[in-house]
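Protein chains in written order, with the working numbering: chain A, 4 to 346; chain B, 4 to 346; chain C, 4 to 346; chain D, 4 to 346.
4 protein chains.
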Amino acid sequence: MNVGVVGASGYSGEVLVKLLLGHPQVKLSVVTSRQHAGKTVAAVIPALRGTAADQLKFSESDPTALAARKDIDLWFLALPHGAAADFAKALLPAGRKVIDLSADFRIAELAVYEKYYGSHHAPELLSQARFVLPELTDPKWKQELQLAAAPGCYPTSVLVPLAPLLKAGIITRDHIVANSFSGVSGAGKKAEEQYLFVERAESAKAYGLAKHRHLAEIEEQLSAFAGGKIVVQFNPHLAPMRRGIATTITVPAAKGATIETLYTAWRNAYTGRPFVSILTSGETPDTAYVTGTNRVDVSAVHDARTGNFVITSALDNLVKGASGQAVQIMNLWLGFPETSGLI
Amino acid sequence: MNVGVVGASGYSGEVLVKLLLGHPQVKLSVVTSRQHAGKTVAAVIPALRGTAADQLKFSESDPTALAARKDIDLWFLALPHGAAADFAKALLPAGRKVIDLSADFRIAELAVYEKYYGSHHAPELLSQARFVLPELTDPKWKQELQLAAAPGCYPTSVLVPLAPLLKAGIITRDHIVANSFSGVSGAGKKAEEQYLFVERAESAKAYGLAKHRHLAEIEEQLSAFAGGKIVVQFNPHLAPMRRGIATTITVPAAKGATIETLYTAWRNAYTGRPFVSILTSGETPDTAYVTGTNRVDVSAVHDARTGNFVITSALDNLVKGASGQAVQIMNLWLGFPETSGLI
Amino acid sequence: MNVGVVGASGYSGEVLVKLLLGHPQVKLSVVTSRQHAGKTVAAVIPALRGTAADQLKFSESDPTALAARKDIDLWFLALPHGAAADFAKALLPAGRKVIDLSADFRIAELAVYEKYYGSHHAPELLSQARFVLPELTDPKWKQELQLAAAPGCYPTSVLVPLAPLLKAGIITRDHIVANSFSGVSGAGKKAEEQYLFVERAESAKAYGLAKHRHLAEIEEQLSAFAGGKIVVQFNPHLAPMRRGIATTITVPAAKGATIETLYTAWRNAYTGRPFVSILTSGETPDTAYVTGTNRVDVSAVHDARTGNFVITSALDNLVKGASGQAVQIMNLWLGFPETSGLI
Amino acid sequence: MNVGVVGASGYSGEVLVKLLLGHPQVKLSVVTSRQHAGKTVAAVIPALRGTAADQLKFSESDPTALAARKDIDLWFLALPHGAAADFAKALLPAGRKVIDLSADFRIAELAVYEKYYGSHHAPELLSQARFVLPELTDPKWKQELQLAAAPGCYPTSVLVPLAPLLKAGIITRDHIVANSFSGVSGAGKKAEEQYLFVERAESAKAYGLAKHRHLAEIEEQLSAFAGGKIVVQFNPHLAPMRRGIATTITVPAAKGATIETLYTAWRNAYTGRPFVSILTSGETPDTAYVTGTNRVDVSAVHDARTGNFVITSALDNLVKGASGQAVQIMNLWLGFPETSGLI
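Next comes the structure, spelled out in structure tokens:
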């Protein structure tokens, strides 16, 4: 099987290329980058020196030319939102499977997308696309879709722990408060003063309060699982680390719910799923233990004083929060073992 | 004026000694440490080489001997809880002013103290002592007390933003959720595997969920300001940085409250107070901007989607969260300018 | 093929277990640890949750019992020096292949070993053992040895760039100055105050000057390649990072040597070797680009002003500097592709 | 006394403004910045909130207008090289004292300046200017000069330990090898990809090998102290920290020199100097202990195996390596205590 990556110059693009070069069942045949066309992948991503990246060259990013590549079975889009839709418009008619890492096809409701991201470049494709979080999305997506939208890092860290609990009625629907703490790579590879080492080292701060873009995915998905409108207070923060997201969610327990019923709901949802680890109550997930893996670690405690559950999760924003999740989607879609190239 | 520091081998002790050596109105005449007795302060705190710390020597920590030091006007206790009470028992009868950085005298209600810290070594002194947060505590403490308990780092980061809002009825009393992200020095100078550089670098995690010790101070103080029982969901986290605490508080707005009324309440409380900076709504406090200062930066936004205020604060856990606050208390108590040795 | 790891509780042990669990040709059947016997590997190394480490349990470290395990084809010793020799004494007579990550068998000359490490626990085995740096050691070791000593991190960072140059007479033998900058994991998993996050973050310092233990290996090996006594000024430093070693070597160019002849010597030595990347002159190796890989990146410039070559290298102290190198040795010894489980 | 700072938007400018705002004998009356004119200093340097920086505003940077400010007794130039000379041209004729933090007036020999920095904007002023390292430069500079050039960070870390040794003939003049490890702030506040947090964290690397600009100062000064041409192999490195420079110098001991004669030479040079701390042989300077201070810590060992001295130093590149040194120069020039505003 041959796969291609469109736009691999960002941090998640780097990780995606690394994962695909090491994947036992696929060959990474095309990697495009407007900025780096002509250079070898290893020249741009020095961490990959000494691998096939020494030979593989970045090619131009031309939608029509890529659509003409009959040899490519599946394309990954690692592009800014907007640009992703432009490429999808060219690749889908050519009958190719597409996995998009951008936000363009994560939100089913056009109005919601436009509220957070502005006008959509390919609304006509929304019907053939869907948000796919492998552990949560109905497996029928594998037959139905032509384009799978890989969830973002923050949403994955909130949805994996919460979705089964909403479905099982373990938590209330009100007063859901999620605080996330992200490594700086979550901001992308932007040469801005605020992301300089000297500015971010030894610094912790909240940002994007009240209306963060990822709320669109988070609430649309949670509402679907709850079967009713869910509103979340989502507070993202920057932490002085390169990778990782630690999320802490406070939510009142539903009537009759206990820490045992919560863990049972999690076990029912995730037993046998290789990429969700359920930690003992009291043990808290640590981003350092998930960095470089495709895992989400989850845990919870019940606070008798407040009646709340305090639910914690940790994942690597560039792996389970982006590229690893995209490869996991590919594995399931192409019929490979779910963990191929990921463990 | 001569002052002494009992037990200065921890991180806040180091900062306290540094601040007092640079203070224009007091002379640091005694520094004790069981572990380091006989060594110069500079030998133990190399950052202070080239100052008076090259001459000043650590002396033994003997309560009776210290109580006999008629030349010392004020003592700082930088000791673990329990040990602090033991020294207070000796120093108070000698008529000395004492500023305690431990938890021993922060909590008025003995039962609450014992629930979180175990048996109290000097309950008989509680009546002569009080929790003193200079910006919030009734100034009469200066006449009434013989022992002032300096607030802890987490409580200061929660109380400074919340107390005026509870007093003014700007926020509801339910569903107060505070998430704090602390630098590793908050855990003290403990040679434990979990605090090694390799374990903490590139790591973010929650800890001590559901019943953190600092809740005792936080809730007792908030309840006093609210004039009624307040319960808080407090979630502390470790961030890969040396110093600083960033706190993010979510709480439903009270009926009729707006972001303007919130800021008015803050201005009424803090205008003219040198160590509280009120940032524009939308701008978020950054621990990097308060490190090394005695400041608390506060800010808030109103989230129309949820009806919550999201309130953020940042301070240096070793300065405004410990030693700087203690020096500020001394300044007010001894009649010096509040900012002496702190700006 | 079945392999076992003796003593896997340190940082290089963790990396070794991770590499072996992911290795396509071997099965990690035994992992021992006095401290952790009975616990699962995932409980001790949480980064390995969701892998075979969830089932695999640490067993006791008893030399005789391990020697009796007829099913184990090769043993890795990840133990402090001294302890390693004790296990080698039991395993070698049982006819097992052994790869030792400690210093016990790296030094051929007993007197030199004892000068740096004290008395040797198994000098009688020195004849069956040898220092094996796959890119440099005569391949005959595969037939001759029963015990292979994997080189340390600092020596590998010095030997890989220098050995071919000494052999080819490109550099003088005098005034070799090597400065190395190591991540904190190089000091091991020691719960000492000096290795706490707060002490090491934002800190750079030299240590162990004038007589660092690794000099024993470095000079013995360089002398062998040079065919004459080589003395090196080796200055190690600690850098505020978890992993990686950057080494910068200054040495006068030999008469007639140029940057071209230097690069030719390197190409002759390393062309076709997957784990040595030769960077363009002027480009400098960066530890961030080798972390997590088994690569050594090398580069050099000629300084016309001083007549020196300035030679730089970078590697991951836990991979090419320890466990990755050990796995590479195993791959060659057991006839697997050199890169198995390493790319 | 009134002072002004021209161009205070970089990292050393920030530190300079902070030091001057806290200085007991001078008033910082003017701070200019083309980029920030009109904003308050606290708005641009949030770390200074709650100080006079809340009122003080950045003004335009116009040489003629500044020259007309009769009330300013002394100007600091915190500008890129080239720009500094342009302002000096306007301010010197107006009879003002000027302390320049750039390279423009550090090098006496025009040809050397131009070799490293390109054409000089005000060569005619070189005669009225001089490189001033307070601990080393002949005190007559105070009477003779109108413009004092504050030394750079790397040169200070090399000159303070070496100059007295060359003067006293303790070390040879050949084979001087200096390796420096610098925090990222040394590269300035540049929004470039290479200085992003994600690129620099967990990364150590050499850069600018063979011909680093600071060599011009280092060698000109060392040659002056040695009374003969000195050539140095200078290898700078970037370390993943915000501030600090650790320098390690290897140089053969002169005939008859011992570690005692070396320390005697240092004591003769620096006893009574508040900003040079001489550590015991074997103890190594740590950047973490000098950060935020104006100190240089120095130490040395003699290596009997190689006949070399290994000399180590540490300083804060933004304080003793830039702004603190400039304030120290001002203190001496205006007759204040040398440590005013610096301890």
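Even for Gly, the Cβ is constructed at its ideal location relative to N, Cα and C.
Residues of chain A whose Cβ lies closer than 9 Å to the Cβ of Lys192 (chain D) are, in chain order, Glu196, Leu199, Val201 and Glu202. In the structure shown, Arg52 (chain A) falls within a coil segment according to DSSP collapsed to helix, strand and coil. With contact defined as three or more Cβ pairs closer than 8 Å, the segment 164 to 172 of chain C and the segment 104 to 114 of chain C are not in contact.
A direct Cα-to-Cα measurement between Val293 (chain D) and Gln58 (chain B) gives close to 18 Å.
Rounded to whole angstroms, the Cβ separation of Glu63 (chain A) and Arg37 (chain A) is 7 Å, and the two are in contact under 8 Å. Annotation for Lys208 (chain C): His240 and Leu241 place their beta carbon closer than 8 Å to its own, counting only its chain and skipping 5 residues before and after.
Contact between the segment 127 to 139 of chain D and the segment 184 to 204 of chain D is absent: fewer than 3 CB-CB pairs across the two stretches fall below 8 Å. In the DSSP assignment, the residues bridged to Thr35 (chain C) are C:Val9 and C:Ser62.
Annotated three-state conformation of Lys170 (chain C) is helix, per DSSP. At a C-beta separation below 8 Å, Tyr292 (chain D) has these neighbours in chain B: Pro49, Ala50 and Arg52. Look at Ile346 (chain D) here: in three-state DSSP terms it is coil, with no helix or strand label.
DSSP, reduced to helix, strand and coil, places Pro239 (chain B) within a strand of the structure shown.
The beta carbon of Val47 (chain C) sits closer than 6 Å to those of His39, all from its chain and outside the five residues before and after it, given in chain order.
Per DSSP, reduced to three states, the secondary structure at Pro158 (chain D) is helical.
Ile252 (chain A) sits away from Ala307 (chain A), with the two beta carbons spaced by 7 Å or more. The shortest CA-to-CA distance from Ser160 (chain A) to any of A:Gly338, A:Asp319, A:Pro340 and A:Phe339 is the one to A:Asp319. Residues of the segment 297 to 323 of chain D with a C-beta less than 8 Å from any C-beta of chain B: Arg298 and Asp300, listed in chain order. For Ile346 (chain B), the C-beta contacts it makes with chain D under 8 Å involve Gly25, Gly53 and Thr54, in order along the chain. Within chain B, the residues Ala45, Pro49, Arg52, Gly53 and Asp57 have their CB atoms less than 9 Å from the CB of Ser280 (chain D), given in chain order. Taken atom to atom, the span from the alpha-carbon of Arg216 (chain A) to that of Pro158 (chain A) is near 10 Å. In the displayed model, Asn182 (chain C) falls within a strand according to three-state DSSP. DSSP lists no beta-bridge partner residue for Ser105 (chain A). Residues of the segment 219 to 243 of chain D that bring their beta carbon within less than 7 Å of a beta carbon in chain C comprise Val234, Gln236, Asn238, His240, Ala242 and Pro243, in sequence order.
In terms of beta-carbon proximity, Pro126 (chain D) stays away from the interface with chain B, with every pair separated by 7 Å or more. Residue-level contact by beta carbon holds for Val187 (chain A) and chain D, with a gap shorter than 7 Å.
Secondary structure at Leu337 (chain C): coil, using DSSP grouped into helix, strand and coil. Looking at D:Gly7, D:Ser15, D:Met4 and D:Lys170, the one whose alpha-carbon comes closest to that of Lys323 (chain D) is D:Ser15. Chain D places no beta carbon closer than 7 Å to that of Phe90 (chain C), leaving this residue out of the contacts.
The residue from C:Ala303, C:Asn311 and C:Lys232 with its alpha-carbon nearest to that of Val234 (chain D) is C:Asn311. A straight line joining the alpha-carbon of His26 (chain A) with that of Leu345 (chain A) spans about 8 Å. Listed by position along chain B, the residues whose Cβ is nearer than 9 Å to that of Tyr14 (chain C) are Val201. Taking a cut-off of 8 Å on C-beta distances, the segment 247 to 262 of chain C does not touch the segment 323 to 342 of chain D, as fewer than three cross pairs fall below it. Setting aside the 5 residues that flank it on each side, Thr54 (chain C) is surrounded in the same chain by Leu24, each with a C-beta closer than 6 Å to its C-beta; the list follows chain order.
Apart from sequence neighbours up to five positions away, the residues of its chain that approach Ala111 (chain C) with a beta-carbon distance below 8 Å are Leu129, Arg133, Phe134 and Glu223, ordered along the chain. Against chain C, the CB of Val161 (chain D) has no partner CB under 7 Å away; the residue lies outside that interface. Residue range Ile262 to Tyr273 is occupied by the alpha helix (DSSP H) that includes Leu265 (chain C).
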